[in-house]
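S.K.: Residue numbers (the working numbering): 370 to 535.
From the three backbone atoms N, C-alpha and C, an ideal C-beta is built for every residue, glycine too.
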């Protein structure tokens, strides 16, 4: 019985040790990801930042729902996805920016009795503190209903950048 108890204790100690090592690695691995959404209809004026009101996912911080701006908490290579839906006789013409520098656009115009979607994906190498956000080029109408999410802004890090050792 003593031997079984000793084996169980060693096993438990090993499992706890592996768990602690895994947690430490995850904390240092640099995981950063977010998905921000518009939870309902929204109109954004030309020249204004699109402010996403909810976060579905946030790992490693960085996205501010009050401003609609993602600030890179770590240097690295990032991927950003933008998806939007507009409805009858409306349009979306929105640009993605990094530190006030234009990157890409999404555009959709829906005719009578139709809806239209727009999307784009881009990779960017960011420095810590770089800001990424969407700004309406023209007045933009984003369609959405409670319980129906169509407009999303997502980003995630694919790899960290490390300064070379000297």
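Could you pull the DSSP bridge partners for residue 492 from this structure?
M.R.: For residue 492, which the question treats as bridged, DSSP gives the partners 448.
S.K.: Under a Cβ-count criterion, where at least 16 other Cβ atoms within 10 Å of its own Cβ denotes burial, should residue 459 be classed as buried or exposed?
M.R.: Its Cβ being crowded by 16 or more others within 10 Å, residue 459 is buried.
S.K.: Determine, using beta-carbon pairs with one atom in the stretch 429-444 and one in the stretch 500-507, whether at least three such pairs fall under 8 angstroms.
M.R.: Touching, yes.
S.K.: Identify the continuous beta strand (DSSP E) that holds residue 404 and give its terminal residues.
M.R.: Run containing residue 404: 402-406, per the beta strand (DSSP E) assignment.
S.K.: Nearest-angstrom Cα distance between residue 510 and residue 412?
M.R.: Distance between the alpha carbons of residue 510 and residue 412: 4 angstroms.
S.K.: List, from N- to C-terminal side, the beta strand (DSSP E) runs of 3 residues or more that fit wholly inside the stretch 476-521.
M.R.: Within the stretch 476-521, the complete beta strand (DSSP E) runs of at least 3 residues are 484-495, 500-505 and 509-511.
S.K.: Check whether the stretch 467-476 touches the stretch 407-427, counting contact only when three or more Cβ pairs, one atom from each stretch, lie closer than 8 angstroms.
M.R.: Taking 8 angstroms as the limit for Cβ pairs, the verdict is that the stretch 407-427 does not touch the stretch 467-476.
S.K.: What residues in its chain sit with their C-beta under 7 angstroms from that of residue 482, if we drop five residues either side in the sequence?
M.R.: Closer than 7 angstroms at the Cβ level, and outside the excluded window around residue 482, lie 457.
S.K.: Determine the DSSP secondary structure at residue 421, reduced to helix, strand or coil.
M.R.: Coil at residue 421, not helix or strand.
S.K.: What does DSSP give as the partner residue(s) for residue 458 in the beta ladder?
M.R.: The partner list for residue 458 (beta bridge, DSSP) is empty, contrary to what the question assumes.
S.K.: Considering only DSSP beta bridges, list what residue 465 is partnered with.
M.R.: Paired residues: 473 and 503.
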